[in-house]
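Novice:
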Amino acid sequence: MKRVLIISPYFPPINAADMQRVRMSLPYFENLGWKAEVVCVDEQYTDLEKENLFTQNIPANIKLHQVKALSKNVTMKFGLGSIALRSLWYFKTKVDQLLKINHYDLIYFSTTQYPICILGSHWKNKFKIPYIIDLQDPWHTEYYQNKPRTDRPKKYWFSYRLNKYLEPFAMKEVSGIISVSQGYIDEIKQRYTSLNKVKSKVIPFSAEIKDFYIADSIIDNVYFTDEKKIRILYAGVVGNIMAESVTKILNAFKALPTNIRENVIFYFLGTSYSPKGTGENSVLPIAKSLGLDKSVVEVTDRLSYFNTLKHLKLSDGLLIIGSDDANYIPSKIYTYILANKPILSLLNFTSPGNHILAEYSSIQQTYLTNSQEQINSALYRFINTILNRNIPYQHTIKFTAELMAKQQVEFFNSIIC
770 MKRVLIISPY FPPINAADMQ RVRMSLPYFE NLGWKAEVVC VDEQYTDLEK
820 ENLFTQNIPA NIKLHQVKAL SKNVTMKFGL GSIALRSLWY FKTKVDQLLK
870 INHYDLIYFS TTQYPICILG SHWKNKFKIP YIIDLQDPWH TEYYQNKPRT
920 DRPKKYWFSY RLNKYLEPFA MKEVSGIISV SQGYIDEIKQ RYTSLNKVKS
970 KVIPFSAEIK DFYIADSIID NVYFTDEKKI RILYAGVVGN IMAESVTKIL
1020 NAFKALPTNI RENVIFYFLG TSYSPKGTGE NSVLPIAKSL GLDKSVVEVT
1070 DRLSYFNTLK HLKLSDGLLI IGSDDANYIP SKIYTYILAN KPILSLLNFT
1120 SPGNHILAEY SSIQQTYLTN SQEQINSALY RFINTILNRN IPYQHTIKFT
1170 AELMAKQQVE FFNSIIC
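Reading the sequence shown from the start, the letters are residues 770 to 1186 in my numbering.
1) I'd like the span of the alpha helix (DSSP H) that includes residue 954, first residue to last.
2) Taking all protein chains shown into account, do 16 or more other C-beta atoms lie within 10 angstroms of the C-beta of residue 887, making it buried, or fewer, making it exposed?
3) Confirm, please, whether the CB-CB distance from residue 1081 to residue 1156 is below 8 angstroms.
4) DSSP three-state call for residue 1135: helix, strand or coil?
5) Along the alpha helix (DSSP H) that carries residue 1124, what are the first and last residues, could you check?
6) Going by Cα to Cα distance, which pick from 923, 893, 987 and 981 is closest to residue 941?
7) In the DSSP assignment, the beta strand (DSSP E) including residue 945 goes from what residue to what residue?
8) What's the call for residue 784, buried or exposed, on a 16-neighbour Cβ count within 10 Å?
9) Helix, strand or coil for residue 809 per DSSP?
10) Taking residue 971 as part of the beta strand (DSSP E), name the residues at either end of that continuous run.
11) Closer than 7 angstroms by C-beta to residue 912: which residues in its own chain qualify, once you throw out the five before and the five after it? Chain order, please.
12) Taking 6 angstroms as the limit between beta carbons, can you name the residues of its chain near residue 868, skipping five residues before and five after?
13) By DSSP, does residue 903 sit in helix, in strand, or in coil?
14) State yes or no: is the C-beta of residue 1116 within less than 8 angstroms of the C-beta of residue 1137?
15) Based on the DSSP output, what are the partners of residue 921 in its beta bridges?
16) Tell me whether the beta-carbon of residue 773 lies closer than 8 angstroms to the beta-carbon of residue 883.
17) Cβ of residue 974 within 8 angstroms of Cβ of residue 1103?
18) Considering residue 1004, what are the terminal residues of the beta strand (DSSP E) in which it resides?
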């Protein structure tokens, strides 16, 4: 039995998007010939919401190693809140100890807390263990460089320079790269020509049907209030990067006949990354400018993962929107598909997500580059599909959690062979 040590600063019961790949894969690794252990930050050192339902699908025999982190109350006095930076020394110390007394075949970084990945080079040089980095998002990116300052994330000046400095250290010795998008792999290999000989593999995000059964146990905290109207849902962050998508969708909604508009309500839930109660609306200002604020409900507070699934199941239709990033792929794309609801997507024409959605004839696709009239027509057809559809959809997906785990294991084997 081969052994992999997974580095994932966030882990259940913490509700963080970047631990989902690990969480969904763990139940399948051992049957595929790999015994997995996880190193994460003790939950007491994080301020993210907890969701105890996550633990239901974690195998009882998974060995979990927890590390400390510097107190955020202290580090924020210097403007540092990153869990990766606060825990970096503790990860090094703990994993050094583990590698001295145990044999592992591979180290697997699966996180968007990328500064932690610089430790891979240290462990490879000291203990001769290969490591893989999972690029769920770009690490260092020039995406915001040409954006107005008001559109850039908080502390962008610092994070841009930190990422530009740290990324080369991690990539210099990396043994393999997994990513959700070929574009992310192409971009990083263009930046570091030494990576052209490094193995890489695209493994999109997946969905787990068992999660929907767990979501059935949630009986409250539902934001839907008007059961008589058609409820169209978008669940996830919006912000400035998706303002164009939101504007075009709401303009299309405004163009609909009045008798249709009166029977439809849009829900945008969990639209901000900010702590609970502090998020700023990014959809309602657009809706108000178009005179549509009575048809739009926005909740900035993040929904729990399973409460999101609950809302997907209770909606009448689902909306997938994207940014102007050519490589952007929605992380919930297969989860949306598994909800078996009518779906309308509005993504960048070059987004890899379009190829996935195109496999389902029941999904209405349109693109950011389309004319407003084309988007208007797409929304009109979408709503009419909801009104006239009596038979529930039964979508299947290509990337279940089990199949995704198999692809990871195949890549693991190729790295250590």
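For every residue, glycine included, the Cβ atom is placed at its ideal position computed from N, Cα and C. Computed from a prediction, not measured in an experiment: that's the story for all the values here.
Specialist: Answer, in terms of the structure:
1) Counting along the chain, the alpha helix (DSSP H) containing residue 954 begins and ends at 951-960.
2) Residue 887 comes out buried.
3) With contacts defined as CB atoms closer than 8 angstroms, residue 1156 and residue 1081 fail to qualify as a contacting pair.
4) Strand, per DSSP.
5) Start and end: 1122-1126.
6) The shortest Cα separation from residue 941 among 923, 893, 987 and 981 belongs to 893.
7) In the DSSP assignment, residue 945 falls within the beta strand (DSSP E) that extends over 945-948.
8) Residue burial is scored here from C-beta neighbours: residue 784 has at least 16 other C-beta atoms within 10 angstroms and is therefore classed as buried.
9) Strand, per DSSP.
10) For residue 971, the enclosing beta strand (DSSP E) starts and ends at 968-971.
11) Taken in chain order, the residues that qualify are 1094.
12) Excluding positions up to five away in sequence, the list reads 896.
13) If DSSP states are grouped into helix, strand and coil, residue 903 belongs with the strands.
14) Yes, the Cβ-Cβ distance between residue 1116 and residue 1137 is below 8 angstroms.
15) The partner list for residue 921 (beta bridge, DSSP) is empty, contrary to what the question assumes.
16) It is not a contact, given that the beta carbons lie outside the stated cut-off.
17) At the C-beta level, residue 974 and residue 1103 come within 8 angstroms of one another.
18) Taken as a continuous stretch (DSSP letters only), the beta strand (DSSP E) holding residue 1004 covers 999-1004.
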